[in-house]
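Heads up: the sequence shown at position 618 corresponds to 1906 in the working numbering, and the numbers run straight through without jumps.
Glycine residues also receive a C-beta, built at the ideal position from the N, C-alpha and C atoms.
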Amino acid sequence: QRKEGHHSPDKNQQSICLCLFRWYGEKLVLVASQELRYRALIGDEGNPELKLSDYSYCILERLGRARWQGEIQRDLHISSFKLDAGKVHYLRKSLDRNGLITLQSHVVRLPTGVRQHSILLLLKRFHVDRRSKYDILMESTSNLLSELPNNIGIMLRLREQLQVGEHTFKRVYQYMQAAKMVSVLTIPLQELNPEAGPCKTKRGTDIRVRCLKLLRPYTRKETYDDDDDENNDEDADGLVKRNIQAQARDIERDLLTQAYEIVVANGPKGISQSVLRGQLNIGRLESRMVCKVLERNNMIKGFMEDEGRQRTTKYISKLFVEKSNLNLRFAKELERSEKLRVPKNDSTDPGNGPCPDPEDQEDALRNDPETEQDPQEEEEEEAHKGQRSKGKAGKKSKSAKKGSQRAVPSTPRHSTPQSETADDTVTVVEEVVDEKRGHEQHETYRMLKRKNLIIEAVRNLKVIEGLYTLQKKLMDEEKQDGVSTKVCKKSIVRLTRSLSRDGYLKLFRTTVIQDGVSRKVEFVVHPSVTPDDPLVKSAIEQVRFKISSSYTEEEKAKAVAQDSKDDLQSESKSHRGKTERQMDVKELKDFKPTIVPGLSRSLGFQPKMPRFRMVHSFLFYLMYDHPFRQTTFNDPSLTADPTDEQFKVYVNELSWKRFVPPLPVHREFGYGWALTSDVLISLPLSVYVQVIQINYKVDGLEEFLNDPVKQHYLIRFLPSNIKTQLLHRRKYFFSFYENLQKLCYMGLLQFGPMEKFMDKDQGFFYLKKRATIVDTTTCEPHYNLAIEMRPFDRRHYTFTTAQDVENYWFDMLCVCLNTPLGVVRPRSRLSDGDGDREGDEPDVAVGAERYERLQYTLKGSCDVVDDGVTPGDGQGAGGLDSSFFSHLKRNWLWTTHLVSKPKKVTWRQSHCASKEPAVQTPPPQICVCRSVHCSLFSLLIKVFIYLY
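Next comes the structure, spelled out in structure tokens:
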């Protein structure tokens, strides 16, 4: 029990001990001594007349109690004192100014895995250096590079000397790159060390190694306490505050006059308040008063400018405001912003004409209908209303997280097995609504331009998955403008939430579950887009396809294990066991494709031209010939319940049309247009194997192909293990998109508008209904050019039924195979290049360069041009471009010599054969699908009838 001692002992230490022993005996006695407390906290070197506030003294006692461990400033204002972060900053500032404590930058890793930066506070007598692992490694790397010639070192040797792993070393030099201490170079090995073994590759090129070059040596980071630093104000300029040359000031002249002369001397570039303060050699408050008075008298005007990651107010004389680059750029961007933010009437009537651009229709639903204040007027008010505390920013972010969410069930379902519950088959799309407005910020040119770019991207793309697309677009634009800094994700989140509050976009959030893998997805969408919009459905389905094609079975098992670990209390053991059995981890662990020559043809893979025919027929059926096709956007069948979509029979026949669902009609484009991702998720297996080359073994695939019904299942409804292997690394998408490009080269298809950074699977295309075939069977023999010596006959086609499509391709086959092209004539050896070479074989480009002149057709447009004209030079067989080589038989049929793949025989070997007969190896046995064989046989019969 504590007792208060009324007697005050003498100051003599010996008398104190005697008095205490006489009064309390052998009991524990605590004696409060202000001198000892002062010596312990402040020390003998401290100022004896120092006066601290109560809170500052409490912080000092708290640090004294922590001793060598110290206290983190973040913990002081959150848990210990529960004060505002800004107030703790200024309380700590007085202690640091008087030299009582030391500051160190400190990184704390939160339980969520996020690294948070703060400041570690220690008493001077208990100061201990606390450095991170990467800080020490950066210093060691800098020391190693400084000892090497030219300050250049090979990365592999540096990593061996540091004795760290590849991942750790990569982080080290990335941190040093960000701090502009090193640069990464690739230098030939011969220049670094000529005696280091072979310096050339087998092809004769130089072996190059990655090196680091030291740009500036490593220096310890110092945590500055800004005594005269007003960096927390938006009008501060920390970049130049310590490099300002003070000018001579005339004491007899008015201070305002001298300040105005300095502003005028800087011309249209302007001057910041901190630079002005330094030149006048006055204090912060006085310089602030000077700028306010000059601005109030309409002598100067302030403009906000971004310098690095902070905003600075530049003051410009009224004489130069009209000529100022800051004013001109801001006015131009402000005018563009007003045009982008003007709502337009959205037309929902689809058609084949130009696609309308739907604009904001939900202005009445905005949370705050206030009109935005003019950014220039905001800048005139100045940023001198006090320093913005961290606590307010924390409250703002906290309130943003608490924004209400409207949950709307969307119709897309997961491709999960039948045994799963019905609750798992519906994706819930939530609209994130931030009701509370944050702190109004002064708008700068860069901030306004970023908002305009985001509004423009959302207007063009309608639905954007994630924030990385926006971040990449902004970084690319700012890089072209010469901005050295890169926009961070936090800035993108802040800008999108601000625009969402103003009603210029919407934020959707959902969780997609596919094959046991759950992924949280965010969408930035146009205000006219609703959670059950077909564009949102298509984006969600494409996310599922990406999960199936990008995750291996081992990664899926890890994801399922992580989910089960997080929801351990809510899941039963039987459910987890069932999921593991469904994943079948043991059989497909570490899937690596095994190439099997000839496998794709045995599965039914078609040659080039029949492949285009198959894609064209499939697209025509989806867009024009489906019995349940939609012709308008407001069709009631669009809202049908898709729970039985997996086994729903749309056409009662054993063909690839059996399970193919109708395509949704999108409001912006209408009838005849299709979204690429909608077509991809509608591919049946029987069509997939004909247009996509599968040259590696897929376990269980033959069982489905041999079944008359299962071979027509949609790809997205196949078992997880088969689907993962078929969609391996998304190669299917690039192959299918290449077929669409070739149809575009033939004039059968037209792409919609493609925006920058738009994924190709989110693009639209229009399938044309008119085409033309040129009868080139009467042309003169040539290698690959059907030269029109006399007018060719032109046949015009209009596709109204599927039979019209079949007739078009049959006539194309007959014309191409009967065109007298492919005549190879030897090059003349007598001429030196100036003679007549008309009959010689021309030089033909190979690879991607072959279709170089047809690239213009890929430029998308909303204006449909369906006049039946075939693009290109028209000198190929059938009137196609000569780069198609449509006259070659191997582009239409799998011939025997292509299947057997004989060894190449030179001209000399064919004429000077040896006496011994060559041993011929039998061709590999390849069982071609019966359906493909029958179709080829029927085509040959039709060609025979056509010729004779």
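Inset, instruction - For M2077, count neighbouring Cβ atoms within 10 angstroms of its own Cβ and tell me buried if that reaches 16, exposed if not. - result: exposed
Inset, instruction - Would you kindly work out how many angstroms separate the C-alpha atoms of G2040 and I1559, rounded to a whole number? - result: 49 Å
Legend entry - Limits of the beta strand (DSSP E) - the one that E1595 falls within: 1588 to 1595
Legend entry - Sheet register partners of V1800 (DSSP bridge): R1807
Inset, instruction - Select from V1552, G2051, I1828, N2179 the residue whose C-alpha is nearest the C-alpha of L2105. - result: N2179
Legend entry - Simplified DSSP state of F1992, which is helix, strand or coil: helix
Inset, instruction - Spell out the partners DSSP gives V1746 in its beta bridges. - result: Partner(s): none; V1746 has no beta bridge.
Inset, instruction - Could you say which of F1618, K1412, L1340 lies nearest to Y1378 if we only look at CA atoms? - result: L1340
Inset, instruction - With DSSP as the reference, please indicate the residues paired to L2037 in a beta bridge. - result: L2055
Legend entry - L1329 to A1320 span [Cα, whole Å]: 14 Å
Legend entry - Bridge-paired residues (DSSP) for V1397: It should be pointed out that residue 1397 corresponds to Arg in this sequence rather than to Val. R1397 is bridged to R1403.
Inset, instruction - With a threshold of 16 other CB atoms inside 10 Å of the CB of I1389, please say whether the residue is buried or exposed. - result: buried
Inset, instruction - Sort L2036, N1994, S2174 by Cα distance to T2064 and report the nearest one. - result: S2174
Inset, instruction - State the DSSP-derived secondary structure class of D1494, mapped to helix, strand or coil. - result: strand
Legend entry - A1536, DSSP secondary structure in three states: coil
Legend entry - Cβ-based burial, W1961 [other Cβ within 10 Å; buried from 16]: buried
Legend entry - Cβ-based neighbour list, R2058, same chain, cut-off 6 Å, excluding 5 preceding and 5 following: T2086, D2154, G2156
Legend entry - Spatial neighbours of L1383 in its chain, beta-carbon cut-off 7 Å, leaving aside the 5 residues before and after: S1344, I1347, L1348, I1389
Legend entry - First and last residue of the uninterrupted alpha helix (DSSP H) at Y1345: 1342 to 1354
Inset, instruction - Kindly give me the distance between the Cβ atoms of V1721 and H1814, rounded to whole angstroms, as I take these residues to be in contact under 8 Å. - result: With 8 Å as the limit, V1721 and H1814 do not qualify as a contact, their Cβ atoms being about 16 Å apart.
Legend entry - Straight-line gap, D1995 to H1954 (C-alpha atoms, nearest Å): 35 Å
Legend entry - Three-state secondary structure (DSSP) of C1307: helix
Legend entry - First through last residue of the alpha helix (DSSP H) which encompasses I1962: Before going on, a small fix: residue 1962 reads as Ala here, not Ile. Not the alpha helix (DSSP H): A1962 falls in the beta strand (DSSP E), residues 1961 to 1963.
Inset, instruction - Pick helix, strand or coil for R1235, following the three-state DSSP scheme. - result: No answer is possible for residue 1235: the residues shown for the chain start at 1289 and end at 2236.
Legend entry - Environment of D1417 [buried if 16+ CB atoms lie within 10 Å]: exposed
Legend entry - Cα-Cα separation, G1639 to I1366: Since pLDDT at G1639 reaches only 38, below the 50 mark, its modelled position is unreliable, and no value is offered.
Legend entry - Residues of its chain near Q1361, where Cβ-Cβ distance is below 7 Å and the 5 sequence neighbours each way are ignored: V1376, R1380, S1406, I1407, L1409
Legend entry - Opening and closing residue of the beta strand (DSSP E) in which V2082 lies: First, the amino acid is wrong: residue 2082 is Arg here, not Val. Run containing R2082: 2081 to 2086, per the beta strand (DSSP E) assignment.
Inset, instruction - For the beta strand (DSSP E) containing L1473, list its first residue and its last residue. - result: 1470 to 1476
Legend entry - For C1499, three-class secondary structure by DSSP: strand
Legend entry - Which residues DSSP lists as bridging I1442, in chain order: C1499
Inset, instruction - Compare the beta carbon distance of P2069 and P2108 with 7 Å and say whether it is the shorter of the two. - result: yes
Inset, instruction - Just confirm the distance between the C-beta atoms of S1943 and H2000, as a whole number of angstroms; I'd bet it's less than 8 Å. - result: 7 Å
Inset, instruction - Confirm the yes/no value for this check: CB of L1755, any heavy atom of the ligand ATP, distance under 6 Å. - result: No copy of the ligand ATP occurs in the structure displayed, which carries no ligand at all.
Legend entry - Span of the alpha helix (DSSP H), counted from its first residue to its last, around V1939: Unbroken run through V1939: none, as it is neither H nor E.
Inset, instruction - Indicate whether L1411 and Q1404 have their beta-carbon atoms separated by less than 7 Å. - result: no
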